[in-house]
Each structure stands twice: as C-alpha cells, then as structure tokens.
Amino acid sequence: MIVMNNMTIEQLQARHSTRNFRPLPIPGSLVESLKAELTMINSHEAGLQFKLVTGNSEPLKGFSKSYGFFRNANNFIVAIVDVSFPDAIERAGYFAEQIVLKATDIGLATCFVGGTYSKTSIPVPLRAGQEVLFLILVGQEDIIEKPRPLARIAMKIAHRNDKKWEDFFVERKDWTLKAALERFPFLKKGLQALACAPSSLNKQPFRIWIGQKEEKDIVRIGIPDISDKQFIDLGIAKCNFVAANGGYFDWGNGAAYYQE
Ligand SMILES: Cc1cc2nc3c(=O)[nH]c(=O)nc-3n(C[C@H](O)[C@H](O)[C@H](O)COP(=O)(O)O)c2cc1C
C-alpha cells in the first residue's frame, strides 16, 4: 500500500532531516492531513501504531539544551510496534517513510530520531507487547544560517556519506550494472531513490542486485546485518523505491520486487 507513487527524484530529494524547527504550532489543516495518513496506516497495518503528539518538548528536552542538537522539537510522531507481528520492524520503517514523504509533500519538515530521546517521557500508553521503536520529529523548518559549533560537528558526522546511486547496485554473476539497467530500465530511478533515503547514522546499508525467482531474473533488495536498525532502513529504502517506480516488494531481507 502506498499513497504516492511515481514521485520524481526531485520530490524524494526534497526530504532531508531537519533539526531546527520554528517555535510555532503546526497549522490545523496540516495536522488533519497528517492524522488522516496515520489513521489509514494504523487501521490497515497489524502490529503498527503511529501517534502524533503536538506541543510537547519533554522527550527531546535533554537532547536540545545540553547538546545543542534539536531546536524547538515540540511535535513528533511516535512509532509503536508489537514485534510479535511478522516483519513489524521493517514495516514500521516503510510506513514511517510513507508518512515522512507525505509530510514533505504538504510542506512540513521531519527527522527520524532513533536513540537521542527520553523513552520515559513519551506520553503514549503502551499495551503488553508494544514498544516505541523511534520518533519522527515534524514541524516547520527554521533555517539557521550559522549553526552553533556543536550542532555543526554533529551535522557533519550525521551527513558524512558520499555514496552515488550506482553504489547501491551489487554486481553478481553476469549482472553488471550496465546489463541490469538494459534489462530493467526503471532500476536507475529506483537506485536514485535509495540514494536519497534517510537511514540510521546515514549508513544506507541497503543494496540491490539481480537474483532469480522461479527461473526468472528479478530485482532483489537486502541488508548485510540482521539488526532492528537495518530492518528499519530496509523498510525505508523499499518505500522510496516504490514511491519512485510503483510496484511492490515482498517483506524481508533479500526480498523480490514486482513491477506490476
Ligand atoms: C531509523 C533512523 C534513526 C535516526 N536517528 C537519528 C537520531 O537519533 N538523531 C538524529 O539527529 N538523526 C537521526 N536520524 C537521521 C539520519 O541521521 C539522517 O537520515 C541521515 O543522516 C541522512 O540525512 P538526511 O535525512 O538529511 O538525508 C535517523 C534516521 C533513521 C532512518
């Protein structure tokens, strides 16, 4: 399920992590659009709950003042998963990115936050089996011309990554990148979509290759480590690929892509 597909690479590139927000509430009509997106996902996706919290800076507080990292992070979406449901972590990444693309489309800025928040300050009750996997900050971007020194260093670390779209393809057997692009022309846009996907610590661990399924050549995607972080990143990458090209992936590592 994806709301937006056939997005352009420019649209996907418009998303970037924002850590400085304006100290303003999100306009009501945009809150309604976001909530509609969350409700649709929450009602269709077993084991996932995305909850919007507005006007609450508690979970990010210690990480704003002492580290000079987030400013005015007062609105966020809590990603809650019940890991007993199949592929819950990867699906959380996929649908979170769908929300982020929607937010970007309506003019809001976002940032995934995996670790640097206070879990005990999340104002959302959890049922047995549920856990908070990450937050998505959301709001209006504040463009700061001269970031404070610590924020600048942190930004540099977070953004050290000079991968090109070609680097997301792994050549295997006879499948050079050139041969793969001739056989699957949509692949270029898909790889470009991966190149602008957000990821934990900007590692972008996901890769595409050509594999086999029922004796047919097929596009596959995978990650090297079976960790929660990389499964979130894998879900995000699949969402970006599908947003660019339509079609769908199976869930799981090494999953096949179907163009429809
Ligand atoms: C699952 C996940 C967790 C993240 N956690 C944090 C975080 O705790 N703090 C932070 O500043 N950025 C966090 N990020 C944002 C990444 O650092 C960012 O996506 C990456 O550096 C690429 O930059 P971009 O999003 O501007 O393209 C996270 C991203 C993802 C996908």
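If you count by this note's numbering, then the sequence shown holds residues -13 to 246, one letter each, in order.
All residues carry an ideal CB built from backbone N, CA and C; glycine is no exception.
Going by the CB atoms, is the gap between residue j and residue i shorter than 7 Å?
i	j	result
L(-2)	N226	yes
V64	V99	no
I27	A82	no
R206	V156	no
G176	A223	no
I212	G79	no
C61	I12	At residue 61 the sequence reads Asn, which differs from the Cys that was named. Contact: yes.
W151	Q178	yes
A0	T90	yes
N6	D148	no
Please state the DSSP three-state secondary structure of residue i.
i	result
K202	strand
Y80	helix
A32	coil
Look at the alpha carbon of residue i and the alpha carbon of residue j, and state the distance between them as a whole number of angstroms.
i	j	result
F172	G41	42 Å
L112	G33	12 Å
T106	W195	41 Å
K159	A166	11 Å
S3	V86	10 Å
G238	E76	8 Å
G125	M(-7)	22 Å
Per the DSSP calculation, residue i is bridged to which residue(s)?
i	result
D282	The question about residue 282 has no answer here: the residues shown for the chain are numbered -13 through 246.
E(-4)	None; E(-4) has no bridge partner.
Can you tell me which of the options puts its alpha carbon nearest to the alpha carbon of residue i?
i	options	result
A22	D148, W161, K88	K88
I92	D73, F56, M(-10), E31	M(-10)
D249	V118, G232, Y244	With the chain covering -13 to 246 only, the question about residue 249 has no answer from this structure.
I209	E201, F154, C182, K164	F154
G260	D203, G197, S70	The structure shown does not extend to residue 260, since the chain is modelled only from -13 through 246, so no value can be given for it.
G115	Q35, R5, C97	Q35
R169	E18, L180, K202, N(-8)	K202
G221	H30, A0, P184	P184
Of all the CB atoms in chain B, is at least one closer than 7 Å to the CB of residue i?
i	result
A95	No chain B appears in this structure, which consists of one protein chain only.
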